[in-house]
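Remarks on the structure that follows.
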Amino acid sequence: MHLRILTPHPGILAFYDGRVPGYRFAERDNWVDDGALSLGIASYALILGDEALVYDTGTTLAHGHAIRTHLESIGIRHLRVILSHWHRDHIAGTEAFADTEIIASAQTAAHLVAQRANLESDTRWPPIRPLVAPTTTYKGHLTLALGPTRVALIHVNIHSDDATVLWLPDARILLAGDTVEDTVTYVAEPDHLATHLTDLARLKALFPRHILPCHGDPDVIASGGYGPGLIEATLRYVTHLTSRTDTPLQDLLAADLAAGNLTWFAPYLEIHRLNLARVRADAR
Ligand SMILES: [Zn+2]
2 MHLRILTPHP GILAFYDGRV PGYRFAERDN WVDDGALSLG IASYALILGD
52 EALVYDTGTT LAHGHAIRTH LESIGIRHLR VILSHWHRDH IAGTEAFADT
102 EIIASAQTAA HLVAQRANLE SDTRWPPIRP LVAPTTTYKG HLTLALGPTR
152 VALIHVNIHS DDATVLWLPD ARILLAGDTV EDTVTYVAEP DHLATHLTDL
202 ARLKALFPRH ILPCHGDPDV IASGGYGPGL IEATLRYVTH LTSRTDTPLQ
252 DLLAADLAAG NLTWFAPYLE IHRLNLARVR ADAR
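Here this note's numbering runs 1 ahead of the position in the sequence shown, where the first position is 1.
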């Protein structure tokens, strides 16, 4: 594990792992390297006094335990967990929080129940076993309080149809899960791209000042996150994908890279290739 603990804003911790040259979680094919650590991935915690809201539980159970151990070492006694969506790399550490409240959208809970046998099996290694299910679900919106801080959970259909983003209206900070990603979004559900555009526009209309994605550049995250240009760049990229034309990725993103909305990370060339293939297969 190469876990780095970053502080993008006072009261917000990022638990970041991945993008470590030469390091692999395992030699064999596995989703921990291929989906998560190769691109870099963060879980977050909002902390106030002895209370924390944990947003995603880590890419392995060891990550989950490390996040919890750190939080307890700084005096956190009351933990609640929020899951950004049901994908493996965001929920693999949930067993470390099995005695706490685990909050997710109703759609996330439904996916986890439906996928339990798949997630717990060795079909895609390593398994997540036992899978710990959410204890609290919501539909649409849910507002939580962390001391005087309002934390809004908003369900959106971007990247996956069950996504929960966290919106801190007072600080105008958006914890975005996988709804936006630097260098490009990961298209897991190509048949929903039109809805993704609609819901990205909803996120843009919140007018966030700082955006913290789960997959992004650790230096940008450490220095407070991305600006609203990350949502605009994602809107442009998804719109381009739906046109299914072939433009080299660096050319396609040139203006957003120059503007600092995105940073270049070469492994996303492969994500873009997969995105194009999925969009084309879906159109047939
Ligand atoms: Zn995901």
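Glycine included, C-beta positions come from ideal geometry on N, C-alpha and C.
Computed from a predicted structure; not experimentally measured.
heavy atom of ligand 1 below 7 Å from D18 C-beta | Answer for D18: no, Cβ out of range of ligand 1.
Kindly provide the chain-ordered list of residues whose Cβ lies closer than 7 Å to any non-hydrogen atom of ligand 1.
-> That gives H86, H88, D90, H91, H160, S161, D179, Y187 and A189.
R20 to P131, Cα distance in whole Å?
-> It is roughly 28 Å from the alpha-carbon of R20 to the alpha-carbon of P131.
Express the C-alpha separation of T165 and G76 in angstroms, rounding to a whole number.
-> Spanning the two alpha carbons is a distance of roughly 27 Å.
Closest by C-alpha distance to H86, when choosing among T109, H79, T70 and T95 = Among T109, H79, T70 and T95, the Cα nearest to that of H86 belongs to T109.
Report yes if the C-beta distance between T60 and A37 is below 8 Å; otherwise report no.
-> Result yes, Cβ atoms of T60 and A37 sit closer than 8 Å.
P191 and D283: beta carbons closer than 8 Å?
-> For P191 and D283, yes; Cβs fall inside 8 Å.
Cβ shell of P127 (< 7 Å), same chain only, five flanking positions each side left out | Taken in chain order, the residues that qualify are N31 and V33.
Confirm, please, whether the CB-CB distance from E102 to V82 is below 8 Å.
-> Contact: yes.
Hey, how far is the Cα of K140 from the Cα of D179?
-> Near 19 Å, if we compare the C-alpha coordinates of D179 and K140.
Are the beta-carbon atoms of L175 and P209 separated by less than 8 Å?
-> The criterion of a C-beta distance shorter than 8 Å is satisfied by L175 and P209.
If we ignore side chains and look at the alpha-carbon of each, how far apart do G94 and R117 end up?
-> When rounded, the distance between both Cα atoms is 15 Å.
For the beta strand (DSSP E) containing L207, list its first residue and its last residue.
-> Boundaries for L207: no beta strand (DSSP E) harbours it, and the DSSP string shows neither H nor E there.
Tell me where the beta strand (DSSP E) around S44 begins and ends.
-> Following the DSSP letters along the chain, one finds S44 inside the beta strand (DSSP E) bounded by residues I42 to L49.
Residues that F26 bridges to, as DSSP identifies them = Beta-bridge partners of F26 (DSSP): none assigned.
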